[in-house]
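Only one structure is covered here, and it is reproduced in the block below.
Residue numbers (our numbering): -6 to 270.
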């Protein structure tokens, strides 16, 4: 394992640098908190899962150098996932601001292919794959019973493993009360969305994934790989300003470019420490 080795009695332990970053927010204690653990070589899957469970955040990202770039992996408190936007943004923030990465763009290899984080003025911008969505009217009834307000449409994002439920009004999404028992019984996580009703706001969303150990994710970069092509199809636009209207709230600036989605936002460090493993 990486890091300094110390002895306690007859056992030796390693210490890892650990960061916590609030992503998609310009101020602490908002947006989506992510754990970030830089490595020089990989830990076992079991060790990374145990660290993510200890961090107890929606996702903890681990990255290690491979050639002239990095490989990144993400763990919830219970499972490894294929894609995570906010923890990738947080990892870029740590590399740029804490670890002295000098170039303008960081390239990560991942389970979802090549990803990047680039400087974009005061923000950072993710380059992620677009997810294909298709109508799923047969899912509307089973999604509707999970909430106190009924959606008007249901779609399926196979790339993200989620249903997308469209609601009539922004307020519906903001005040939605989920039934987590019923959500947990679904075969997919659920993105909920509605058209924005404030000046300059294109759409709002929330995201529920209790089967992944995340009852409600505060701000979900990966979900916007589904939301952006959906709203592009509805509006004909390719550039969006969006809010994820969870209790912590998050703000995103988005662009659809071919089969890629650009996802920009702020990030702020709130914690740096050492973890004994």
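Glycine residues also receive a C-beta, built at the ideal position from the N, C-alpha and C atoms.
May I have the straight-line CA-CA distance separating residue 108 from residue 203, to the nearest angstrom?
So the alpha carbons of these two residues sit roughly 26 Å apart.
Starting from the N-terminal side, write out each stretch of the alpha helix (DSSP H) that is 4 residues or longer and does not extend beyond the segment 59 to 105.
78 to 90
Please state if the CB of residue 201 and the CB of residue 182 are separated by a distance shorter than 9 Å.
yes
Where DSSP assigns a beta bridge to residue 268, which residues make up the other side?
9
Are three or more beta carbon pairs between the segment 154 to 170 and the segment 130 to 143 nearer than 8 Å?
yes
With H, G and I counted as helix, E and B as strand and the rest as coil, what does DSSP make of residue 227?
helix
Under 7 Å Cβ to Cβ from residue 92, same chain only, skipping five residues before and after it: list those, please.
31
So the candidates are 125, 134 and 174; which of them puts its Cα closest to the Cα of residue 150?
125
What residues are listed by DSSP as bridge partners for residue 35?
Answer is none; residue 35 lacks a bridge partner.
As a quick exercise: from 263, 99, 138 and 194, pick the residue whose alpha carbon is nearest that of residue 274.
The structure shown does not extend to residue 274, since the chain is modelled only from -6 to 270, so the question has no answer here.
For residue 261, which residues in the same chain have their Cβ closer than 6 Å to its Cβ, ignoring the five residues on either side in sequence?
15 and 21
What runs of the beta strand (DSSP E), each 3 residues or longer, lie entirely inside the segment 95 to 179?
You should have 98 to 102, 108 to 113, 116 to 122, 126 to 128, 146 to 150 and 155 to 159.
Using the Cβ count rule (16 or more neighbours within 10 Å means buried), how would you classify residue 233?
Classification for residue 233: buried.
Closest to residue 54 by CA distance: which of 62, 76 and 121 is it?
Considering only alpha carbons, the answer is 76.
Over the uninterrupted beta strand (DSSP E) stretch that includes residue 337, give me the two end residues.
A question about residue 337 goes unanswered here, because the residues of the chain that appear run from -6 up to 270.
Give me the Cα-Cα distance between residue 80 and residue 264, rounded to the nearest whole angstrom.
C-alpha separation (whole angstroms): 14 Å.
Quick one, which of 24, 110, 138 and 255 has its alpha-carbon nearest residue 172's?
138
Output yes or no for whether 9 Å exceeds the beta carbon distance between residue 42 and residue 73.
yes
Can you tell which of 78, 226, 174 and 112 has its C-alpha closest to the C-alpha of residue 153?
78
Should residue 256 go down as buried or exposed, given a rule of 16 or more other Cβ atoms within 10 Å for buried?
buried
Quick one: residues in its chain with C-beta nearer than 6 Å to the C-beta of residue 176, no 5 flanking neighbours on either side, listed in chain order?
139, 201 and 203
Hey, would you say residue 212 sits closer than 9 Å to residue 49, going by beta carbons?
no
Specify the secondary structure class of residue 26 as computed by DSSP and reduced to three states.
strand
Does the segment 105 to 122 come into contact with the segment 82 to 96, if we say contact requires no fewer than three beta-carbon pairs (one atom in each stretch) closer than 8 Å?
yes
Can you tell me whether DSSP reads residue 220 as helix, strand or coil?
Residue state, collapsed to three classes: helix.
Determine the contact status of residue 45 and residue 69, defining contact as a CB-CB distance below 9 Å.
For residue 45 and residue 69, yes; Cβs fall inside 9 Å.
Using 10 angstroms around the beta-carbon of residue 210, count the other beta-carbons present and answer buried if the total reaches 16, otherwise exposed.
buried
Are residue 123 and residue 226 touching if we call contact CB-CB under 9 Å?
no
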